[in-house]
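Written below as structure tokens is the structure these notes are about.
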Amino acid sequence: MTFTPAGPTETELADLLTKECGPHIRDDYTAARALLNVYDLAAKEGTSLNNPHQIANCIASTPTTRPDPAPWDPVDTVQAAKTVHAAYRITRKPANHSSLFVDLPMPVIVSRHQCPFCRRFTRASLTQVQDHMTRCWTNPVLRCCKTCTHHQNASGAPGSPDEWLESCTQPDGPEPEDYVFPVLHCPLWEARR
């Protein structure tokens, strides 16, 4: 049977908050951070653990004894400790807590695969890149327009008089209005020099 030490009392929480924030809490987020430096707080209702925003909201929702409270009024430290103690399962962090963290991020090596023809298509999956290579417009084995010496790229702004659409400059090739890009396995294809 394992022994679970009892969590801190409301008085211990109130003493910590008073030491960090004074008798009244003016900044609920600072109070939440002060609690998280010493304790682990797990919500009794829900699955949150050490969520500073939820803890700050819990502190801010502490009922006040003033007859006409305003949302920006400071919160009484003892009342806030009672509210937090009621809403969270609280355990003390281990003494070596600060040494449990690594100082620097650890490097991760990631393998990616790149299409050798267009050099733009990269994926972690080798099969996806191999599949792309069978359709890549810059693969010379496919005898596609992009690798042909007769291909003319589009130029000019769309709709302007100097607009030039992609076309084939081969005399026996399709007319510009009949040209559909891309043409694969073209019989008129010639490799670019």
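Quick note on the numbering used here: the sequence shown kicks off at 25 and runs consecutively.
C-beta: ideal position from N, C-alpha, C; glycine also.
All figures in this text were calculated on a predicted structure; none of them were measured in a lab.
Residue i versus the options, residue with shortest Cα-Cα distance
i      : options                      : result
HIS77  : THR173, ASP52, THR33, PRO140 : ASP52
GLU69  : ASN120, LEU212, CYS82        : CYS82
LEU166 : THR115, PRO185, HIS209       : HIS209
Spatial distance of residue i from residue j (CA atoms)
i      : j      : result
GLN176 : LEU189 : 8 Å
PRO164 : ALA215 : 8 Å
GLU36  : SER72  : 22 Å
CYS142 : ALA148 : 16 Å
ASN61  : ASN74  : 10 Å
ASP196 : PRO140 : 31 Å
LEU212 : PHE145 : 27 Å
THR54  : THR115 : 19 Å
Buried versus exposed, by CB contacts within 10 Å (16 or more), residue i
i      : result
HIS109 : buried
ASP100 : buried
ALA105 : buried
SER191 : buried
PRO32  : buried
THR107 : buried
SER85  : exposed
Cβ distance (whole Å) where residue i is taken to contact residue j below 8 Å
i      : j      : result
PRO168 : PRO206 : This sequence places Cys at residue 168; Pro is not what is there. With 8 Å as the limit, CYS168 and PRO206 qualify as a contact, their Cβ atoms being about 5 Å apart.
For residue i, three-class secondary structure by DSSP
i      : result
THR193 : coil
ARG167 : coil
HIS174 : coil
ASP202 : coil
THR110 : Correcting the residue identity first, residue 110 is Ala in this sequence and not Thr. Here ALA110 sits in helix by DSSP.
VAL62  : helix
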